[in-house]
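> Here UniProt numbering is used: the first residue of the sequence shown is 1, the next is one more, and so on. Glycine included, each C-beta is placed from N, C-alpha and C at the ideal position. The structure is given below, and queries will be raised subsequently.
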Amino acid sequence: MRKRGREEERERSEAKTGHQLVRARSGSEMKVMVAVKRVVDYAVKIRVKPDKSGVETSNVKMSMNPFCEIALEEALRIREAGAAAEVVAVSVGPAQCVDTLRTALAMGADRAVHVDAGAAPVLPLSVAKILKALVQVEQPGLLILGKQAIDDDCNQTGQMIAGLLRWPQGTFASKVVLDKEKQVATVEREVDGGIETLSLDLPAVITTDLRLNQPRYATLPNIMKAKSKVIKKVTPAELNVELKPDLEVVQVTEPPKRKAGVIVSSVDELIHKLKNEARIL
Ligand code: AMP
1 MRKRGREEER ERSEAKTGHQ LVRARSGSEM KVMVAVKRVV DYAVKIRVKP
51 DKSGVETSNV KMSMNPFCEI ALEEALRIRE AGAAAEVVAV SVGPAQCVDT
101 LRTALAMGAD RAVHVDAGAA PVLPLSVAKI LKALVQVEQP GLLILGKQAI
151 DDDCNQTGQM IAGLLRWPQG TFASKVVLDK EKQVATVERE VDGGIETLSL
201 DLPAVITTDL RLNQPRYATL PNIMKAKSKV IKKVTPAELN VELKPDLEVV
251 QVTEPPKRKA GVIVSSVDEL IHKLKNEARI L
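Here's what the structure looks like:
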């Protein structure tokens, strides 16, 4: 009885998310959706705001999150291999996310959607709810995200959206092979003991690790072309998502400064220090 109840619930959920519809599509018609986040550029030294409410972002260079570049590159390679027809880039956040989406279009995304969520940071669960609503509209066969955003280092959104959609997930992918006939993605992921291989029925969620690929640079002609492309704009309210933060940021502070190191003259001295000063032995 219990099992049947769960199955019925799953069927209802699948009908809502378009699971069966996507499954029936052939690979060449499949759409890949990629979530790209605008973050402080990886080369910028992070500064905490004087009021400790967050990280300083005004007059700071912002870029596409590096793991999202890898996610986009993988989606483009899947399309170029003929396993997908379209790559749609999505970004959630303030008006300036349009710049990140222009980069995505210049790299090769076919379309871009900006979910205008205003200036306040949007936490992973809210992003996941927004992505779920967009999945219901776009019905991609594959959703690729970065494994983490380098601003908050949350590493949560991919897992949350997979849970909300009840789609299989392959996180921290270091290799992805798509079988468009069987509608299966084989994902290799680095785990402590070696490489784990997962076989995911599509539609599925994949999050990308650093070693998956080397993202391409956008060429100047493509950057110019991307400037005239239309970016669709929607609001969370239009997607029926209420941005109610489930977490409150109490304070953001710098990590404690590292003390200067010391050079020890012998192994005995090192062991003495580890035992008596660091107390880790
Ligand atoms: P996080 O869970 O915050 O570490 O983010 C993991 C991944 O979720 C990122 O690499 C993006 O692919 C996606 N993501 C998180 N926040 C956003 C956002 N505001 N807009 C688009 N994608 C996002």
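Have a look at residue 287 and A162 and give me their C-alpha separation to the nearest angstrom.
As shown, the chain starts at 1 and ends at 281. That puts residue 287 outside it, with no answer to give.
> Just verifying my parser: in three-state terms, what is the DSSP assignment at K175?
Correct three-state label for K175: strand.
> Take A35 as the anchor and find which of A95, V113, P94, Q251 has the nearest alpha-carbon.
Of A95, V113, P94, Q251, the residue nearest in Cα terms is V113.
> Which two residues bound the contiguous beta strand (DSSP E) that contains V44?
Counting along the chain, V44 falls outside any beta strand (DSSP E), and DSSP gives it neither H nor E.
> Within the same chain, show all residues whose beta-carbon is closer than 6 Å to that of L164, passing over the 5 residues directly before and after it, in chain order.
Around L164: A128, K132.
> If you pair each beta-carbon of the stretch 199 to 219 with each one of the stretch 134 to 147, do three or more pairs fall below 8 Å?
The answer is yes - the stretch 134 to 147 touches the stretch 199 to 219, with three or more Cβ pairs under 8 Å.
> Taking 7 Å as the cut-off, is the CB of L145 close to at least one heavy atom of the ligand AMP?
Checking the Cβ of L145 against the ligand AMP gives yes.
> Can you tell me whether DSSP reads S266 as helix, strand or coil?
Three-state DSSP puts S266 in coil, outside helix and strand.
> Restricting to Cα atoms, I'd like to know which of G54, Q183, P124 is closest to V250.
The option with the nearest alpha carbon to V250 is G54.
> Please find out if some non-hydrogen atom of the ligand AMP comes closer than 7 Å to the beta-carbon of D268.
D268: no, Cβ never under 7 Å from the ligand AMP.
> State yes or no: is the C-beta of A149 nearer than 7 Å to some heavy atom of the ligand AMP?
Under cutoff, so the answer is yes.
> Within 10 angstroms of its Cβ, does P140 collect 16 or more other Cβ (buried), or is it exposed?
Per the 10 Å Cβ criterion, buried.
> Give the secondary structure of I70 by DSSP, where H, G and I count as helix, E and B as strand, and everything else as coil.
DSSP places I70 in helix when its eight states are reduced to three.
> Starting from V135, trace the beta strand (DSSP E) both ways and give me its first and last residue.
Looking at the DSSP string, V135 is not in any beta strand (DSSP E); the run it does join, the alpha helix (DSSP H), is 124 to 138.
> Given the structure, does residue 286 come close to the ligand AMP, in the sense that its CB is under 7 Å from one of the ligand's heavy atoms?
In the structure as shown, the chain begins at 1 and stops at 281. Residue 286 is therefore absent and cannot be evaluated.
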